[in-house]
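All the letters of the sequence shown, read from the start, carry residue numbers 666 to 995 under the working numbering.
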Amino acid sequence: MPQQYGLVVYLDVQLFMLAASFVIDYLLLRATAELTHISVSRKRLCAGATIGTLYHLIYLCSLLRIIPAYGWLHLLPVAMMVSFAMLLASFAPLSRRRFWSVVGYFYGIAFLAGGTGLAVAHTFGRPNTIRPVLGMAAGAACILLVTELGSSVLQRRAWRQSLRVPLEVVFDNAKVNLTALLDTGNQLRCPLTGVPVIVMEHRILGEILPSNLLVAIERLGEGDLSEISTQFASTPWSSRFRIIPYTSIGASNGLMVGLRPTAVRLTLSGETYTAPPCVIALSPQILDPDGSYHALIGLELVEGYTANEEFAPLSHVTPGRSDLRSPVTR
């Protein structure tokens with residue numbers, strides 16, 4: 666009589682695998698929420714993880730021939746549909762662009778964690794066997810590490826972005842719009858009036874200032890003082906003209922042309938404010954090679970204009986890159 670073999674299923678092992686599946690799915694969704702800056706409740710993350718765990722349970726039942734669905738449950742389109750359902754349950758409603766961004770983060774983290782888990786499971790397994798529990802632990806650790814490192818990088822980027830201040834500088838009927846860097850090292854003041862100074866690349870005013878004045882500003886940066894006063898004296902800009910002395914690393918007796926603007930407007934946290942009286946110092950040098958900002962604005966011109974907590978700690982920031990100071994502190 667032929668010998669018959671039965672299928673042995675260790676229920677405790679399968680329950681452990683289901684629990685591990687839920688934990689990993691939850692960590693994946695939480696990491697996606699952290700890195701995409703989406704505020705979502707734990708209940709919704711648990712709902713998304715439950716969908717993934719139910720898929721794992723159905724797949725397990727089909728693998729054990731409990732239900733006849735093994736042929737299509739392991740197909741890639743089915744797995745993608747399940748992952749989309751997990752994301753929608755956790756994060757919907759989302760715009761189309763936002764949704765595909767979430768999908769990209771989710772799959773990127775999942776592939777990285779999955780690859781790490783498989784590598785560890787095979788590396789530390791015996792010949793022809795793997796260690797799935799160790800692989801799952803490695804995958805979960807990878808997700809946690811990515812979440813921590815990714816959050817730190819994104820927070821640093823957001824902090825740097827918060828140091829960018831949109832400016833509108835007005836001279837009578839002309840105006841320019843640009844981005845300034847909030848630079849705590851900029852402590853320049855006009856020696857005539859004592860008002861704060863904003864340092865700006867002179868080329869930003871290329872469409873406003875006459876070409877001969879731009880050339881004179883460049884020559885002043887090279888140490889040539891012979892033309893600057895006479896060039897400005899014969900123009901309507903003479904009433905706005907200032908000379909701003911400064912000291913910085915590598916320039917102990919530097920001079921810049923200063924212009925008194927009609928108005929300067931700052932945009933902070935989505936609100937526009939008019940800055941207190943100040944002077945625009947024109948630098949012939951490019952302030953940022955990457956072009957992310959074209960001016961340096963001191964903290965004094967920003968303080969007190971918004972109650973947003975985002976700007977509250979900036980007074981404790983280490984002085985910025987310019988370290989611009991007036992030779993005489995008033």
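Just so it is clear, CB atoms sit at the ideal spot from N, CA and C, and this is done for glycine as well.
Residue i vs residue j beta-carbon contact at 8 Å
i            : j           : result
residue 740  : residue 771 : no
residue 947  : residue 938 : no
residue 696  : residue 768 : no
residue 967  : residue 832 : no
residue 885  : residue 873 : no
residue 834  : residue 703 : no
residue 941  : residue 883 : no
residue 784  : residue 797 : no
residue 878  : residue 896 : yes
residue 843  : residue 959 : yes
residue 712  : residue 687 : no
residue 1061 : residue 858 : For the chain, the structure presents residues 666 to 995; residue 1061 sits outside this window and is missing.
Contacting residues, own chain, Cβ-Cβ under 8 Å from residue i (five flanking each side not counted)
i           : result
residue 689 : 778, 801, 804, 805, 808
residue 709 : 754, 755, 756
residue 680 : none
residue 814 : none
Under the three-state DSSP convention, the category residue i falls into
i           : result
residue 761 : helix
residue 733 : coil
residue 788 : helix
residue 766 : helix
residue 938 : strand
residue 843 : strand
residue 957 : coil
residue 926 : coil
residue 797 : helix
residue 816 : helix
residue 944 : strand
residue 971 : Because residue 971 carries a pLDDT of 42, less than 50, the predicted location of this residue cannot be relied on, and no value is offered for it.
residue 952 : coil
residue 963 : coil
residue 783 : helix
residue 828 : coil
residue 772 : helix
Interface flag, residue i vs chain C, CB-CB below 8 Å
i           : result
residue 858 : Absence of chain C from the displayed structure is noted, only one protein chain being present.
Residue i beta carbon near the ligand ATP (any heavy atom closer than 7 Å)
i           : result
residue 692 : Absence of the ligand ATP from the depicted structure is noted, as is the absence of any ligand whatsoever, leaving it without description.
Same chain, Cβ closer than 7 Å to residue i, five either side skipped, listed in chain order
i           : result
residue 716 : 747, 750, 751, 754
residue 774 : 693, 696, 697, 808, 811
residue 701 : 766, 767, 770
residue 951 : 866
residue 705 : 698, 755, 756
residue 799 : 785, 786, 789
residue 860 : 854, 942, 943, 944
residue 684 : none
residue 781 : 803, 804, 807
residue 691 : 710, 711, 714
residue 759 : 767
residue 837 : 927
residue 682 : none
Sequence-distant residues of its chain with Cβ nearer than 6 Å to residue i (five each side left out)
i           : result
residue 961 : 846, 848, 851, 864, 987
residue 699 : 812, 816
residue 919 : 911
residue 724 : 738
residue 971 : In this prediction, residue 971 has a pLDDT of 42, which is less than 50 and means its spatial position is unreliable; what the coordinates show is noted afterwards. Contacts found: 933, 934.
Checklist line | Sequence ranges, beta strand (DSSP E) only - wholly within the stretch 847-912, length at least 3 | finding: Taking only runs of at least 3 residues, the beta strand (DSSP E) segments lying wholly in the stretch 847-912 are 862-866.
Item checked: Unbroken stretches of the alpha helix (DSSP H), 4 residues or longer, contained in the stretch 680-764 -> Listed in chain order, the alpha helix (DSSP H) runs fully inside the stretch 680-764 are 707-728, 735-738, 741-756, counting runs of at least 4 residues.
Checklist line | the stretch 897-909 touching the stretch 920-934, judged by at least three CB pairs closer than 8 Å | finding: Verdict: yes, contact present.
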